[in-house]
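Chains as they are written, first to last, in my numbering: chain A, 4 to 385; chain B, 3 to 327; chain C, 202 to 584.
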Amino acid sequence: MTDTFLREALDAADTVSDRLGIGRREFLRLCAATAATLGLPAGAEAAIAKAVEKAKRPPVIWLHFQECTGCSESLLRAEHPTLEKLILDVISLDYHETLMAAAGHQAEAARKASMQANKGKYILVVEGAIPVRDGGIYCKVGGRKAIDLVRECAADAAAVIAIGSCASWGGMPSTDPNPTGSSSVGEVLGKAVVTIPGCPPNPYNFLATAVHFLTFGKLPEVDALGRPKFAYGRLVHENCERRAHFDAGRFAMEFGDTGHRQGYCLYKLGCKGPETYANCPTIGFGDVGEGNWPVGCGHPCIGCTEKGVAFTKPIHQVAVMKNVVPPLSFPRIVEDQGKTSFASAAALAAIAGAAAGAAAMLARNLGKSEAGRQDAQPPKGE
Amino acid sequence: MDRRNFLKASAAGGGLLAAGAGTPAHARGNREVPPEALGLLYDSTLCVGCKACVAACKQANGMPPEFSTEEHLWDTPLDISGRTLNVIKVYRSGSARNKDREQDGYAFIKKSCMHCVDPSCISACPVSAMQKDPRTGVVSYDKDACIGCRYCVAACPFGVPRFTFESATPQISKCQLCRHRWKDGGYAACAEVCPTGATLYGRLTDLKQEAARRLAAKPGAPMVYPRGRLGGPDQSYPGVSAAYVQHLYGEKEFGGTQMVMLAGVPFEKLGYPGLPPVSDASSSETLQHTLYGGLVMPVAFLGLLSWVARRNVKSADDEEDPHHG
Amino acid sequence: MAEHAAAPLGGRLLTPVTVLLGALAAVAGIILLFRFFHGLGAVTNLSDGYPWGIWIAYDVVVGSALACGGYAIALLVYIFNRGEYHPLVRPALLASLFGYTLAGASVIFDLGRWWNVWHIFWPGYAQPNSVMFEVAVCITAYIFVMWIEFSPVFLEKLGMKDARRKLSKVLFFFIALGVVLPSMHQSSLGSLLVIFGRQIHPLWQAGWLLPLLYLMTAVLLGFAVVIFEAAAASTGFRRSTETAILARLSGLMFWLLAAYLVVRVADLVLRGALGSAFAFSLEAVMFWLEMIAFALPLLLLGSRAARARPSRLFVSAVLLMAGGFLLRINGFLVGYQTGDGWHYFPALPELLVTIGLIAFEVLAYIVFVRRLPVLPRAAAAAR
């Protein structure tokens, strides 16, 4: 069965390779990488390959509001393979202000047409926060307020994905005093959406989420903040390459000092790894190569995925240690210590018994000799 | 039998004993805090349980690792011991979800020498192997003087001096505030590496001031926490004030200690017993000095008994002499 | 007054009993050899929570108290001038001599850095504030004093009459010293616990009364041991019992015991510690065992007629020894707790060393009384 499945997958690979203009081998590598990012078991890459080939490319409508387009940029920089090809061919990107060729009314018409045609089937991706103060007048696209656009597009979407910290929880625009009332997609829609926070988020986290939807027909498991657990399940601190230095008490005290140059832990420089859930230490950042992520380069993590950390706490403020429960390896206040010995307890009991017996015998003999003396007999023994 | 003599002797002996047990003639109070007392301030609410201090302490004092797990992978001491001078222990209750909360919470606590102002170990040691520096107040140990009687181990109310029972040439192990690192400009390694300033090194007066500042702050209020050494290079960082138990442990306990502690959980829960303000050393020494101060009583007692014995030895032993003489 | 003179008992040294005792002592010797090469941890169950085990609590604290016979009798004969107890002096002194010498020796076995032991007596090291210092110095001095007190026995054996006479001129001083020193260190063995403060269970942390309690029980134990030894020797060596003297001695013991119990109970009540005796705990059980062991002799020896019965005397002596043993074991081990979670029970080798030491002591006692003039001549002649 596995053979058939594999063969089908390979056929699918051939088909898609033709479509994408990439090699079969390269395509399969992409599927494997995606499966790995999602934490799927071996063999899942075949399913993904099949899904990418067979499923009708899901239409995607991608909205931009209060943002810097960094999320899109980061997506464009992915190299395995060049993601713009994937975005254009794996999915059907029907509306994306930066990438689409159309402009003006033509672009808006395309969005409307796609929404009409794919009612209830398209994926809505939102990049950027949505201003809500003063009726949401601070961000308009094509003369329409962001708040209205997102509500309109979300109404008939199969799934809503908020990409980047701005869309996920407000991000940089929502920083105090937040003059425009920047809010997250979830807040505006009043319902839970899948969030891919990060500034920018790792493109593979978004890609893997989209492909998961493609492959399994549903979005991946998420945490209470709507973040896919495969990517945001663990603290940066837990998988950090500098963790051993933290445990050993080796800290960089300031930029450029001996410890910093030796690659010591950046906690004392304000690294927010201990309170930030993200998979940066495991998949790196973007597609720029091994070890290349902020902490890998020697800068403390700023906690860009975390509301209340990034853009809120000073970069060099020491992080709060987020432990769900204290680690088990700590000694308790009271530990069972010291030694006892059963053998000696038994020996001691035997000795005590023997001594008591001997004493009793002696007392009896003395009692007898008392009786003897009363009979005016000479003492025993002579 | 000389009844008068018997009565006289009993009365005199009884009088001496009564005088001894009754009045603390040479009462010695707790010792005073040395003028330039050094110490540590441990703040349980700042401790993140990274154990950097445990690792640094081992390294600074050249101590071997200690294993409490089946796989001997890394240093996992359960408590301070002959090979571990400093550990971080954890208190946990119920679901242990909230830091520094007594119910359903958890809290870290450091265990190492408290550097008592009036230490039991020094009073107990018969050979002056334990010493308190008259200036800094650091309680130090000299293994070349030590006879290994372990009276200090038994006497310490915090269970701090520990002994290497497994060695044929054993010795006492205890924190000496890294005094061997002073000459190179170093200080207590635990404080030096502490990432959050949970263990802070400095002069006791400064540490107490810092503790008072923290206790006075409103929980949740912004706070600047120093790190490393008070009075040293500024390594402070901004943080948020914690909800403390209003108790600076070591301020009064046992006549005071030079390691003082703050926590969000009552100290009894953290393995630090409530101790009276009078040190055991002062009780013990008052008793000893009352009985033996200047050897007055023993010598008087000896003189009296010699006088009595001289008369009685004659009467008892002279009868014996004819058989031999 | 002929029975005042002492004479060797004579008889064979090699008997099944002495062989057994010798074997036990040899086992202890082997274990101790091992201890000196591999450390205390290799043969004992000592830990940082229980840094003192039975080698201190039994061998030194109980052992020296059980060796107070010489002290108690010397106090009686020479200080209170009760010459009628004179026949008891030498055997009691001999037992004390061994008890103390071995207690002193066992300290060396227990000391981790034993090669430094001389520091206690060296001015640069000695630390007079330490109770341990006082105990160590007094016990050492007392051991020497006892050998001097006992030396007439050797001098008589060797026929050095001149030296014997000269010694007897100054012996009174050593006798006085032989009373002062044990008074000091037996009380101080109690004072050792003062610095432990709250680490000692309230039932035994009597504070400044500790020295008095330990001193009173040391004298009590001294009397009890004399009675015990007399009874044991009369059975073991098949000699007549010195019942008349012992009966009078037990009369003194009775009043001292009554006084002790008054002090002990009054202290517990005044400190409000008696409540913990009614808790369901090991400490409470051990406390009641201790109190029963002390209180029963008070009933057993209540009347003059009862005190004249050797079996009563013997049982009372054994009970008192048990009581004194329990008071010390309870104070130093059962009632000692440096923190939760610590356990201690002696290891088998640890126990064997203690047993071997006792065996060695008994063995040496047998050898001495058979070869040296220790036991009263009259009784020996009856053989």
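Where a beta carbon is used, it is the ideal one built from N, C-alpha and C, also for glycine.
By the 16-neighbour rule on beta-carbons within 10 angstroms, residue 248(A) is buried. When Cβ pairs closer than 8 Å are counted between the two stretches, the stretch 359 to 368 of chain A is seen not to touch the stretch 560 to 574 of chain C, the count staying below three. Using a Cβ-Cβ cut-off of 9 Å, residue 145(B) counts as an interface residue toward chain C, since at least one Cβ of chain C sits closer than that to its own. Taking the Cα positions, residue 280(B) is about 9 Å away from residue 258(B). In the structure shown, residue 198(A) falls within a strand segment according to DSSP collapsed to helix, strand and coil. When Cβ-Cβ separations below 9 Å define contact, residue 403(C) makes no contact with chain B. DSSP, read as helix, strand or coil, puts residue 368(A) in helix. Any Cβ of chain A closer than 9 Å to the Cβ of residue 58(B) would place that residue at the interface, and such an atom is present. A Cβ-Cβ contact shorter than 9 Å links residue 331(C) with residue 127(B).
For residue 149(B), the nearest beta carbon of chain C is closer than 9 Å to its own beta carbon. For residue 251(B), no alpha helix (DSSP H) encloses it, and the DSSP letter there is neither H nor E. Excluding sequence positions up to five before and after residue 522(C), its CB lies within less than 8 Å of the CB of 267, 422, 425, 426 and 429, all in the same chain and listed in chain order. If you look at residue 62(A), you'll find it in the beta strand (DSSP E) that goes 62 to 67. Under the criterion of beta carbons closer than 8 Å, residue 132(B) and residue 124(B) qualify as touching, at roughly 4 Å. Interface annotation for the stretch 68 to 89 of chain B against chain C: 83, criterion Cβ-Cβ distance under 7 Å. In this structure, residue 211(A) sits near residue 234(A), with a CB-CB distance shorter than 9 Å. For the C-beta of residue 265(A), not a single chain B residue is nearer than 9 Å; the gap to the nearest is close to 14 Å. Residue-level contact by beta carbon holds for residue 273(B) and chain C, with a gap shorter than 9 Å. Counting C-beta pairs with one atom in each stretch, the stretch 303 to 320 of chain C and the stretch 359 to 367 of chain C have fewer than three that are closer than 8 Å, which means they do not touch. Out of 335(A), 259(A) and 215(A), the CA that lies nearest to the CA of residue 38(A) is found in 215(A). Along the stretch 431 to 459 of chain C, there is no position whose C-beta sits under 9 Å from a C-beta of chain B. Residue pairing for residue 543(C): DSSP places it in a beta bridge opposite 340(A).
Contact check between the stretch 216 to 223 of chain B and the stretch 298 to 312 of chain A: fewer than three CB pairs, one atom from each, fall below 8 Å, which does not count as touching. Assigned with DSSP and collapsed to three states, residue 273(A) falls in coil, not helix or strand. Around the CB of residue 74(B), fewer than 16 other CB atoms lie within 10 Å, so the residue is classed as exposed.
At a cut-off of 9 Å between C-beta atoms, residue 112(B) does not count as an interface residue with respect to chain A. Under the Cβ distance rule, residue 301(A) does not count among the residues neighbouring chain B, no pair being separated by less than 9 Å. Any Cβ of chain A closer than 9 Å to the Cβ of residue 47(B) would place that residue at the interface, and such an atom is absent. The three-state secondary structure of residue 274(C), taken from DSSP, is helix. Listed by position along chain A, the residues whose Cβ is nearer than 8 Å to that of residue 477(C) form an empty set, because the closest Cβ is around 21 Å away. Take residue 323(A), set aside five residues on each side of it, and the residues of its chain with a beta-carbon closer than 8 Å to its own are 277 and 278, in chain order. Residue 340(A) has a beta carbon lying within less than 9 Å of a beta carbon in chain B. Chain C places a beta carbon closer than 9 Å to that of residue 287(B), counting this residue as a contact.
Counting the other Cβ atoms within 10 Å of the Cβ of residue 136(A) gives fewer than 16, which makes it exposed. For the stretch 137 to 176 of chain A, the full-length alpha helix (DSSP H) segments reaching 4 residues or more read 149 to 158 and 167 to 172 along the chain. Going by C-alpha positions, residue 46(B) is about 36 Å away from residue 473(C).
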